[in-house]
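Chains as they are written, first to last, in the working numbering: chain V, 1 to 741; chain L, 1001 to 1424.
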């Protein structure tokens, strides 16, 4: 047994009782697995498989799509097992299509196992001086398999016919150690005396990008002493589709960050650290810095250029298991064996601001609303959340309502609206708004074998971000830039028979994903080049709602209409807000719900701002539609000019029937007749015209209208309308005659 | 008020009565805007000395905009494609309109809780207003006469028809000023010596020429209203709103071709000039960016002085309900033959008569009307009225048929008036 593990029941940290004092939760209950005689635990971030090995077989656990809503998730993940030849397993990785298994047997040999045929072949280093530091599978078009050696990189293509590896390319350079994550497809090779000179390659589906060589900053403790950078101190993280490298400077107690661009590596600034030991992980694009000694987690949102944490440091907690804290100690897997499978970290309670400590989501809303001097940035932050889209969305709507009801300055509300609208526009472009397809629990296509689930429970609980251990296969998993979590898996010798193995239920999407490139970088690239290295990931996101973006319809329904009901006093404030909203939507070329225009008309009319209403309509700030026209007619009861605008709009929209009916209603039946003839409007009943003409008490008019219909409608003379009004006309004429004589 | 016009032998002295009436109405409205109602002044000083001392310089200043050469040139038949007492609007796209509206809400709220009014002009065209229609016309007229960039640069190449053509405005800046100056100076002195004049320290000549300057901060200032004794800054002018009968501070601000006029209720500002300065500062802080943006948007869409010229047509479009008019640029109208203009002027006289008759007969019901007449030079003079909108047109294609003329109107109506005059 190699991995050292700590149990899930570490002594709790100072904070007793309340389960609501943390921003970060570990999902509880964990995934448990029990395999007899387990010897080692590996995590493969390429395929997201947790691989414990036994003496003669190893079992792999396919992870299921994790959905935080369905807490508690199903801890009973199915597993499959493969039998491979006996031998030491230094490291193990499945090919991305899971057809092959690569097993490092020694520092110079990698064995390949073809699962379908149970065949094996081996790859050895050419010279004895070469040492294999590690390997990984890639979806790069040039090669399938990369071996990192102390003398450089070897890129191989797998020949499925010959069942062998063909060397495609060699990159010669001295390598002390390396860091790779499948999420970023980035491999960083350390070299030099202090191991602080780095060469990077990105092996993405778009090809191989060689990053410029760069040095990491390291403070000297004293003259002449030169600290050596260790692999444990370097993390590759992916946030909002951007790739960063975080480096711990133990002397300066700083966490330096570097952002990768295609042709440059730019230092972005440094975060202070408060612990000798730290770990880094990313959950839903929020950077978690685990201060292990202090047993707290500090959250940063790198997107906002602020270096200030977005929350107070608080410990990690296990959800649904409030009294027991998972320890944040890292496993001491010195031998490079697989280590920690961390539990799913849920970011339920990310709160913005320094003084907020509540994590119950419903309270966040109040907290935010109560101190929203920075509402736009709060919204911005929430809009970038993907993991809990629904919650974030509801929070955003709530905030929007509150700022309007509180009559915050228009400029501030306008900024907030801008944030929401541009986020929606972005989600339209990336397609995430309409994504409602669920891709539930994809099994990896691996044959499922039952796992004995009895005697031994392998414990792998934990949290800390040590997951980004280069030699181990643990790492930031999460293929999506948006949903990352740390895994830590370890087994505990003493708990070998009882401690649970936990893992997170995650979706496993092998090859079935489709393109959803999250590309937030475009608008914000702040580097010297506009050519940042993207995470080239094509995967589909799960869950019915993947984006907290709010459509204009929803803005109308849940913000404007809702607010209008509650609002008291001068409605002109709300009109200003609507104008700001239109401004934003117009910028983003997004259509607006006609009901919003209707609301604007009602508000303006309520204030008797008819002249302005007119300019709103003539300048098409309120885009013409039947709804708008009808509201103008309605509001026009008090103001004839407004009514005219409504009529005019009907005419311009070619709503002939409505237009003619209204003309008749206004007593303009002559005009109505002319119009009806011109546009062949036959749907308005002649009786209406006749009645109007009749009430004018002008026999000539009545006669003219009768005559018109006799010509216009073929058998009008046979209808009852004709006879009725013909009779009236005759009466009129005789009475006129009578009075004149 | 009565206006007596001497009819000379000059052939140019052929007037349209309604146009003259509008001149009288305009000068009256402007006067009331600056000094309040004449009746109130008369009640204050029944002998009429007070009102006279105000009216005389005011009317003289007003008329100084009319002379051509050494003569007063009142609106004649040559001006039959213009409509005094209306506002000319800028046509803008939706995007610009939304930006403008956004700016307006900042302007109207920049004095805190008290509601301000605002008006925005671009060149000599109205962009937006939150004033009542009557107040809009008055302030617009004043702005074009004295505040717009063209007015400030003293009418070099003025094209707005409210001010005269380039020749006359040149005159205005030069000789008219020197001519009208001494006149009112005499008035001023005489009123000073007269028994009633003693209690008036100063008569503000609101329409005095060349008295507005652009300050460093972009606000326009004038010393017409005197200088504040305490702070030695120019006193902010005040105007009376017709609708609310409220006194307002008049604060014009100019950025390039954009003129913003902010009206702040006098009652809302307690510490006089200091308070006004504060609001101005507020405006600069809150609206500067938006002003920049609006100016940029409008400049981009600006079609120039002849933007509303439609080739082949000489027209006047009046929306009587909204007091808006649009016409062929004056420069284009001058290309018309005298006979054509005379014919249209005559036609308009008839239409005016018909309109007033219809108004008298049955108020509320709008009369539709279509008249096309053939002038001596074979040009068509056309008038169409429908739904409160009026279209006057001169078509000078000789020897064309009535059908042609009618088609031309139809085309114009469909393209430029949303089909408002397309009868059938």
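Glycine included, every Cβ here is placed at the ideal spot set by N, Cα and C.
On the DSSP bridge list, what partners appear for residue 1234 of chain L?
Here the question's residue 1234 of chain L lines up with position 234 in the second chain. Residue 1234 of chain L is bridged to L/1227.
Which class does residue 181 of chain V belong to by DSSP, given the choice of helix, strand or coil?
In the first chain, residue 181 of chain V corresponds to position 181, counting from 1. Three-state result, residue 181 of chain V: strand.
Tell me which residues of the segment 568-597 of chain V have at least one Cβ-Cβ distance to chain L shorter than 7 Å, keeping chain order.
Answer in chain order: 576, 579, 580, 582, 583, 586.
Quick check: is the beta carbon of residue 619 of chain V nearer than 8 Å to any beta carbon in chain L?
Reading the first chain from its first residue, position 619 is the one you call residue 619 of chain V. Yes - at least one Cβ of chain L is within 8 Å of the one on residue 619 of chain V.
Run through DSSP, which three-state label would residue 279 of chain V get?
In the first chain, residue 279 of chain V corresponds to position 279, counting from 1. DSSP places residue 279 of chain V in strand when its eight states are reduced to three.
For a cutoff of 8 Å on Cβ pairs, would you count residue 1381 of chain L as touching chain V?
As a position in the second chain, residue 1381 of chain L is number 381, starting the count at 1. Not one chain V Cβ lies under 8 Å of residue 1381 of chain L.
To the nearest angstrom, how far is the alpha carbon of residue 1049 of chain L from that of residue 1203 of chain L?
In the second chain, residue 1049 of chain L corresponds to position 49, counting from 1. In the second chain, residue 1203 of chain L corresponds to position 203, counting from 1. Computed Cα separation, rounded: 12 Å.
Whose CA, out of L/1252, L/1073, L/1081, lies closest to the CA of residue 1144 of chain L?
Start at 1 with the first residue of the second chain, and residue 1144 of chain L comes out as number 144. It is L/1252 whose Cα lies nearest to the Cα of residue 1144 of chain L.
Please tell me whether residue 410 of chain V has its Cβ less than 8 Å away from any Cβ of chain L.
As a first step, residue 410 of chain V must be located in the first chain, where it is residue number 410. With 8 Å as the cut-off, residue 410 of chain V counts as an interface residue toward chain L.
Examine chain V for any beta-carbon lying closer than 8 Å to the beta-carbon of residue 1409 of chain L, and answer yes or no.
Here residue 1409 of chain L corresponds to residue number 409 of the second chain, with the count starting at 1. Taking Cβ atoms only, chain V never reaches closer than 8 Å to residue 1409 of chain L, which makes this a no.
By the three-class DSSP mapping on this structure, what secondary structure does residue 1369 of chain L have?
Within the second chain, residue 1369 of chain L is the residue found at index 369, counting from 1. The answer is strand: DSSP assigns residue 1369 of chain L an E or B state.
Can you check DSSP and say which residues form a bridge with residue 1383 of chain L?
Reading the second chain from its first residue, position 383 is the one you call residue 1383 of chain L. According to DSSP, residue 1383 of chain L bridges with L/1371, L/1392.
What residues from chain V crowd round residue 1098 of chain L, counting only those whose CB sits closer than 7 Å?
Numbered from its first residue, the second chain carries residue 1098 of chain L at position 98. Under the 7 Å cutoff, chain V gives 579, 582, 583, 586, 621.
Under the three-state reduction of DSSP, which class applies to residue 415 of chain V: helix, strand or coil?
Numbered from 1 along the first chain, position 415 holds the residue referred to as residue 415 of chain V. Three-state result, residue 415 of chain V: helix.
I'd like to know whether the C-beta atoms of residue 1107 of chain L and residue 1298 of chain L end up nearer to each other than 8 Å.
Here residue 1107 of chain L refers to the residue found at position 107 when the second chain is read from its first residue. Here residue 1298 of chain L refers to the residue found at position 298 when the second chain is read from its first residue. Taking 8 Å as the Cβ cut-off, residue 1107 of chain L and residue 1298 of chain L do not qualify as a contacting pair.
Let me know the secondary structure DSSP gives residue 223 of chain V once reduced to three states.
Here residue 223 of chain V refers to the residue found at position 223 of the first chain. Correct three-state label for residue 223 of chain V: coil.
Compare the C-beta of residue 661 of chain V with all C-beta atoms of chain L and state if any pair is closer than 8 Å.
As a working mapping, residue 661 of chain V is identified with position 661 in the first chain. Chain L contact via Cβ: absent.
Please look up how many angstroms separate the CB atoms of residue 582 of chain V and residue 592 of chain V, rounded, as I've assumed it's under 8 Å.
Reading the first chain from its first residue, position 582 is the one you call residue 582 of chain V. Reading the first chain from its first residue, position 592 is the one you call residue 592 of chain V. That belief holds up - the Cβ atoms of residue 582 of chain V and residue 592 of chain V are roughly 7 Å apart, short of 8 Å.
Using the C-alpha atoms, what's the distance from residue 1346 of chain L back to residue 1390 of chain L?
Locating residue 1390 of chain L in the second chain gives position 390, where the first residue counts as 1. Locating residue 1346 of chain L in the second chain gives position 346, where the first residue counts as 1. Looking at the two C-alpha atoms, the distance is approximately 16 Å.
Determine the extent of the beta strand (DSSP E) in which residue 157 of chain V is found, giving its start and end residues.
On the first chain, residue 157 of chain V is found 157 positions in, with the first residue counted as 1. Element bounds for residue 157 of chain V: 152-159.
In the structure shown, what three-state DSSP assignment does residue 590 of chain V receive?
Stepping through the first chain from its first residue, residue 590 of chain V is reached at position 590. Residue 590 of chain V falls in the coil class under three-state DSSP.
For residue 590 of chain V and residue 622 of chain V, which I take to be in contact (beta-carbon distance under 8 Å), what is that distance rounded to the nearest angstrom?
By 1-based counting over the first chain, the position of residue 590 of chain V is 590. By 1-based counting over the first chain, the position of residue 622 of chain V is 622. Wrong, their Cβ atoms sit about 16 Å apart, outside the cutoff.
Return no unless some Cβ of chain V is closer than 8 Å to the Cβ of residue 1426 of chain L.
Nothing about residue 1426 of chain L can be read from this structure; chain L reaches only from 1001 to 1424.
Got a sec, what are the start and stop residues for the beta strand (DSSP E) residue 649 of chain V sits in?
Indexing the first chain from 1 puts residue 649 of chain V at position 649. Looking at the DSSP string, residue 649 of chain V is not in any beta strand (DSSP E); the run it does join, the alpha helix (DSSP H), is 640-652.
Excluding sequence positions up to five away, which residues of its chain have a Cβ less than 7 Å from the Cβ of residue 672 of chain V?
Here residue 672 of chain V refers to the residue found at position 672 of the first chain. So the list reads 660, 663, 664, 689, once near-sequence residues are dropped.
In whole angstroms, what separates the C-alpha of residue 549 of chain V from that of residue 167 of chain V?
By one-based count along the first chain, residue 549 of chain V stands at place 549. By one-based count along the first chain, residue 167 of chain V stands at place 167. Each residue's Cα considered, the two are about 47 Å apart.
Between residue 1029 of chain L and chain V, is any beta-carbon pair separated by less than 8 Å?
Position 29 of the second chain, counted from the start, is the residue given in the question as residue 1029 of chain L. Residue 1029 of chain L does not count as touching chain V.
Looking at residue 181 of chain V and the ligand FMN, is the gap between the Cβ and the nearest heavy atom below 7 Å?
Ligands displayed in this structure: none; no statement on the ligand FMN is therefore possible.
Excluding the five sequence neighbours on either side, which residues of its own chain have a C-beta within less than 7 Å of the C-beta of residue 1414 of chain L, listed in chain order?
Locating residue 1414 of chain L in the second chain gives position 414, counting from the first residue. Within the same chain, residue 1414 of chain L has close Cβ partners 1422.
According to DSSP, is residue 242 of chain V helix, strand or coil?
In the first chain, counting from the first residue as 1, residue 242 of chain V sits at position 242. Reduced to three states, the DSSP call for residue 242 of chain V is strand.
Going by the CB atoms, is the gap between residue 1383 of chain L and residue 951 of chain L shorter than 8 Å?
Coverage of chain L is limited to positions 1001 through 1424, which leaves residue 951 of chain L absent and any answer about it impossible.
Is it a yes or a no for the segment 203-210 of chain V touching the segment 221-233 of chain V, going by three-plus beta-carbon pairs under 8 Å?
No, the segment 203-210 of chain V is not in contact with the segment 221-233 of chain V.
Let me see if you follow: with CB-CB separation under 8 Å, is residue 1130 of chain L close to chain V or not?
The residue given as residue 1130 of chain L occupies position 130 in the second chain. So, interface residue.
Specify the secondary structure class of residue 207 of chain V as computed by DSSP and reduced to three states.
Here residue 207 of chain V is taken as the residue at index 207 of the first chain, counted from 1. The answer is strand: DSSP assigns residue 207 of chain V an E or B state.
Which of the three DSSP states is assigned to residue 1265 of chain L in this structure?
Within the second chain, residue 1265 of chain L is the residue found at index 265, counting from 1. Strand, per DSSP.
Can you have a look at residue 714 of chain V and say buried or exposed, based on whether 16 or more other CB atoms are within 10 angstroms of its CB?
For the purposes of this step, residue 714 of chain V is taken as residue 714 along the first chain, with counting starting at 1. Exposed: under 16 other Cβ atoms inside 10 Å.
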